[in-house]
Amino acid sequence: MSDARPAHKRILLKLSGEALMGDDAFGINRATIVRMVQEVAEVVNMGVEVAVVIGGGNIFRGVAGGS
410 MSDARPAHKR ILLKLSGEAL MGDDAFGINR ATIVRMVQEV AEVVNMGVEV
460 AVVIGGGNIF RGVAGGS
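As structure tokens, then:
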């Protein structure tokens with residue numbers, strides 16, 4: 410990332426539970442989580458406060474139930 414000053418001091422990041430699956434058919438993909446954490450950490454290291462909301466509907470309903 411560049412040394413530019415962030416446009417916002419605080420952000421809310423909403424991630425869908427389905428995005429956490431990565432290429433897997435179900436569940437949570439570890440590599441996907443690691444990548445997301447690294448990307449959020451970059452933003453935090455820029456001085457931005459990050460709140461994260463993770464959807465979980467697919468965990469409770471199943472992916473097919475949500476469609």
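Here our numbering is used: the first residue of the sequence shown is 410, the next is one more, and so on. Cβ coordinates follow ideal geometry from the N, Cα and C atoms, glycine included.
Practice problem: Alpha carbon to alpha carbon, how far is Lys-423 from Gly-465? Give it in angstroms, no decimals. | Solution: 11 Å
Quiz prompt | Distance, Gly-436 Cα to Glu-427 Cα | solution = 9 Å
Quiz item: Looking at Val-457 and His-417, is the spacing between their C-beta atoms short of 8 Å?
Solution: yes
Quiz prompt | Ordered list of alpha helix (DSSP H) runs contained in the stretch 413 to 474, each at least 4 residues | solution = 439 to 454, 466 to 470
Self-check item: Exposure of Leu-429, with buried meaning 16 or more beta-carbon neighbours within 10 Å
Solution: buried
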